[in-house]
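Once you know that position 112 of the sequence shown is 112 in the working numbering, the rest is easy, because the numbers rise by one and skip nothing.
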Amino acid sequence: MTTHHSQAYLKFLNLVKAIRDLPTFPMLDAVEQSLLDSFAAVWHTGKQITVLEAMHMSKEISPSTVHRRLKTLRAKGMITLVNDQIDSRTKYVMPTALANQCFDQLGQCMDAANQA
């Protein structure tokens, strides 16, 4: 027996898969997606994330793996690194227009699933 909520969730998953399969959507591995999701939750609050903070955000992902994935996310155009205006040793992980576009597309999937 499926409920309205389970149907909406399954529709959401199918829509997300369809969006992620589009050639315009960057191919992200599970670690990259997890990091980007964590970053988005912080960015949504208006806070900035330093590279050092990013490296220690996840208990499941080692700091060295995070650092490597920051490089791949940057190469894929999902994040940019911005120097602190006072301390040039500090860099902030920031979303790009592409990342914000991807978040918007995923949000549209949520809206569509909720209208089911």
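Beta carbons: idealized from backbone N, C-alpha and C, even for Gly. None of these values were measured; they are calculated from a predicted model.
Query, Result
"Taking the alpha carbon of residue 91 as the point to measure from, which residue in 101, 80, 114, 97 has its own alpha carbon closest?", "80"
"Rounded to whole angstroms, how far is the Cβ of residue 103 from the Cβ of residue 30, which I believe are closer than 8 angstroms?", "No, residue 103 and residue 30 are not in contact; Cβ-Cβ is about 18 angstroms, not under 8 angstroms."
"Is residue 19 closer than 7 angstroms to residue 12 when the C-beta atoms are compared?", "no"
"So, for residue 65: in the same chain, excluding its five sequence neighbours on each side, which residues have a beta-carbon less than 8 angstroms away from its beta-carbon?", "31"
"Using a threshold of 7 angstroms, state whether the C-beta atoms of residue 68 and residue 35 are closer than that.", "no"
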